[in-house]
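> Pasting in a structure now, in structure tokens, and then I'll have a few things to ask.
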Amino acid sequence: MPWSKNDYPDSMKNLPGHLRNKAIDIANALVEDNKDEARAIAIGIAQARKYYEDDNHERPEYHVIADGEDWVLKRKDGKRAIRREDTKEDLIDEAKEYVKDHDGILFVHNKDGEVSQRLYD
Numbered sequence: 001m002p003w004s005k006n007d008y009p010d011s012m013k014n015l016p017g018h019l020r021n022k023a024i025d026i027a028n029a030l031v032e033d034n035k036d037e038a039r040a041i042a043i044g045i046a047q048a049r050k051y052y053e054d055d056n057h058e059r060p061e062y063h064v065i066a067d068g069e070d071w072v073l074k075r076k077d078g079k080r081a082i083r084r085e086d087t088k089e090d091l092i093d094e095a096k097e098y099v100k101d102h103d104g105i106l107f108v109h110n111k112d113g114e115v116s117q118r119l120y121d
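Sequential numbering of the sequence shown, starting at 1, is according to the UniProt record's numbering.
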């Protein structure tokens, strides 16, 4: 059974989006080569993790900052807001999900611009 971004094994549900997509690609290729599904899933996850660990990529940084009366989520050095909410609390809930899906680091700032929290290190 080929898996997709919307239909994948339960064991992949807590993986960050980019890692899960790589694991799905690897597992699908293994199943296509007549590998047992359970083994294909385990190998796919392990190889996807190894792929990203060996990649030496820097994790993207995202910042929750005040913008007038609103709060915005921006990527480090980004010019445009990714998300915008009326309250900091509402934005943080959305930002956590977004940053986890993008395997990033989240910095939450106070109204005066100082960093008050750093999440997902």
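We put the CB at the ideal spot given by N, CA and C, even for glycine.
For the region 59–109, which segments carrying the beta strand (DSSP E) assignment without a break, of at least 3 residues, lie completely within its bounds, in sequence order?
61–67, 70–75, 83–85, 105–109
> Can the beta-carbon of K96 be found less than 9 Å from the beta-carbon of A66?
Along the sequence shown, read from residue 1 onward, the residue named residue 96 stands at position 96. Along the sequence shown, read from residue 1 onward, the residue named residue 66 stands at position 66. No, the pair does not count as a contact, with Cβ atoms beyond the cut-off.
> Please go through the same chain and pick out, in chain order, the residues whose beta-carbon is closer than 8 Å to the beta-carbon of L15, but skip the five residues on each side of it.
Mapped onto the sequence shown, residue 15 falls at position 15. Excluding residues within five positions, the ones whose Cβ falls inside 8 Å are A23, I45, A48.
> Could you round the C-beta distance between L106 and V72 to whole angstroms and report it? I think they count as a contact, below 8 Å.
Residue numbering aside, residue 106 sits at position 106 when the sequence shown is read from its first letter. Residue numbering aside, residue 72 sits at position 72 when the sequence shown is read from its first letter. With a beta-carbon spacing of about 13 Å, L106 and V72 fall beyond the 8 Å limit used to define contacts.
> With a threshold of 16 other CB atoms inside 10 Å of the CB of Y8, please say whether the residue is buried or exposed.
Sequence index remark: in the sequence shown, residue 8 carries index 8 (1-based). Y8 is buried by the Cβ-count criterion.
> Would a C-beta distance cut-off of 9 Å place G104 and R59 closer than the cut-off?
The residue labelled residue 104 in the question sits at position 104 within the sequence shown. The residue labelled residue 59 in the question sits at position 59 within the sequence shown. R59 is positioned such that its CB atom lies closer than 9 Å to that of G104.
> With DSSP as the reference, label S11 as helix, strand or coil.
Here residue 11 corresponds to residue number 11 of the sequence shown, with the count starting at 1. S11: helix per DSSP, three-state reduction.
> Give the single residue among D70, S11, L19, K5 whose Cα lies nearest to the Cα of E53.
For the purposes of this step, residue 53 is taken as the residue at position 53 of the sequence shown. Nearest option by C-alpha distance: L19.
> What residue from K76, D86, G78 has the CA that sits closest to E69's CA?
On the sequence shown, residue 69 is found 69 positions in, with the first residue counted as 1. With distances taken between Cα atoms, E69 lies closest to D86.
> In its own chain, which residues sit with a C-beta less than 6 Å from the C-beta of P2, not counting the 5 before and 5 after it?
Here the question's residue 2 lines up with position 2 in the sequence shown. Taking P2 as the centre and dropping the five residues before and after it, the same chain places the C-beta of N28 closer than 6 Å to its C-beta, in chain order.
> V99 and Y62 look like a contact to me (Cβ under 8 Å); what is the Cβ gap, rounded to whole Å?
For the purposes of this step, residue 99 is taken as the residue at position 99 of the sequence shown. For the purposes of this step, residue 62 is taken as the residue at position 62 of the sequence shown. Indeed they touch by this definition, with Cβ atoms about 5 Å apart.
> Using a 10 Å radius around the Cβ and a threshold of 16 neighbouring Cβ atoms, would you call A40 buried or exposed?
As a working note, residue 40 is residue 40 in the sequence shown. Buried, because 16 or more other Cβ atoms sit within 10 Å of the Cβ of A40.
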